[in-house]
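Under this note's numbering, think of the first position of the sequence shown as 987, with each following residue one higher.
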Amino acid sequence: MVHHAGEPPLATLRQLLKQTIQSEINSVHILPFYPYSSDDGFSVIDFYAVNPELGDWADVQALGQDFHLMFDAVFNHISVKSAWFQAYLRQEPPYDEYFINVDPKTDLSQVRRPRALPLLTRVETAKGERHVWTTFSDDQIDLNVANPDVLLDLIRVLLFYVEQGAALIRLDAIAFLWKEVGTSCVHLPQTHLIIQLMRDILDAVAPEVVIITETNVP
987 MVHHAGEPPL
997 ATLRQLLKQT
1007 IQSEINSVHI
1017 LPFYPYSSDD
1027 GFSVIDFYAV
1037 NPELGDWADV
1047 QALGQDFHLM
1057 FDAVFNHISV
1067 KSAWFQAYLR
1077 QEPPYDEYFI
1087 NVDPKTDLSQ
1097 VRRPRALPLL
1107 TRVETAKGER
1117 HVWTTFSDDQ
1127 IDLNVANPDV
1137 LLDLIRVLLF
1147 YVEQGAALIR
1157 LDAIAFLWKE
1167 VGTSCVHLPQ
1177 THLIIQLMRD
1187 ILDAVAPEVV
1197 IITETNVP
């Protein structure tokens, strides 16, 4: 990690980039800078926070004064340590419906994904045992975007990123967003509709913001 003593790494990054590449490059993709629990930042604990080891939102916004910034929107899943999932374990509404519980006897053989880890992860909740969908790992719990409350929460996060200065938003692992038993659960039509919804919303409030989807085809 590049940083000066007593200075947040994001502030050091800004000065380094200004001194070295600003005349040639106008955009910077900051890999997930949120608090996280695994997967090099892609198991986000809090969508609304900056990892304090890197700096804060003021540092992100300052960098955005000199470069177009790309943020990662990790909307397929969230960390097991997140407040949302911890509330799910307590079975507190509305979070008791924020994740996908599947009978482990269900035939999921059609599901395609880039990991060989178990697709379902057993957890103990206040109302008993559940098996939740985990496309990538047992630390990354898939969100139930079929629940309108979840989708609205993710749209709020999307708009928050725009407020914080995102010029480009990369939708991480977006191909796996919608789950439907009996299908591959990759690039389903519902996923494309949700991406279009996000684009339509941004067109209304911030048409200059670019959406980039991670295209991941096993």
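A virtual CB, placed ideally from N, CA and C, is assigned to each residue, including glycine.
Start-end ranges of the alpha helix (DSSP H) lying completely within the stretch 1118-1162, minimum 4 residues: Taking only runs of at least 4 residues, the alpha helix (DSSP H) segments lying wholly in the stretch 1118-1162 are 1134-1149.
Beta-ladder partner(s) of PHE1057, from DSSP: Translated into the one-based positions of the sequence shown, residue 1057 becomes position 71. The partner list for PHE1057 (beta bridge, DSSP) reads ILE1155.
Whole-angstrom distance between THR1006 and GLN1072, CA atom to CA atom: On the sequence shown, residue 1072 is found 86 positions in, with the first residue counted as 1. On the sequence shown, residue 1006 is found 20 positions in, with the first residue counted as 1. Going from the Cα of GLN1072 to the Cα of THR1006 covers about 43 Å.
Cβ pair LEU1157, THR1199 closer than 7 Å: Working through the sequence shown from its first residue, we reach residue 1157 at position 171. Working through the sequence shown from its first residue, we reach residue 1199 at position 213. The Cβ atoms of LEU1157 and THR1199 sit closer than 7 Å to each other.
Those residues which DSSP pairs with GLU1115 across a bridge: Here residue 1115 refers to the residue found at position 129 when the sequence shown is read from its first residue. DSSP lists GLU1110 as the bridge partner or partners of GLU1115.
Simplified DSSP state of THR1199, which is helix, strand or coil: In the sequence shown, residue 1199 corresponds to position 213, counting from 1. Here THR1199 sits in strand by DSSP.
Assumed close pair PRO1090, LEU1106 - CB separation to whole angstroms, cut-off 8 Å: By one-based count along the sequence shown, residue 1090 stands at place 104. By one-based count along the sequence shown, residue 1106 stands at place 120. With 8 Å as the limit, PRO1090 and LEU1106 qualify as a contact, their Cβ atoms being about 6 Å apart.
The stretch 1027-1039 touching the stretch 1056-1064, judged by at least three CB pairs closer than 8 Å: Yes, the stretch 1027-1039 is in contact with the stretch 1056-1064.
Residue interval of the beta strand (DSSP E) (run including ILE1086): Within the sequence shown, numbered from 1, the residue matching residue 1086 stands at position 100. First-last for ILE1086: undefined, no H or E at that position.
Unbroken alpha helix (DSSP H) run spanning ILE1180, endpoints: Locating residue 1180 in the sequence shown gives position 194, where the first residue counts as 1. For ILE1180, the enclosing alpha helix (DSSP H) starts and ends at 1175-1191.
For VAL1046, the first and last residue of its enclosing alpha helix (DSSP H): As a working note, residue 1046 is residue 60 in the sequence shown. Counted as a single uninterrupted DSSP element, the alpha helix (DSSP H) harbouring VAL1046 occupies residues 1043-1050.
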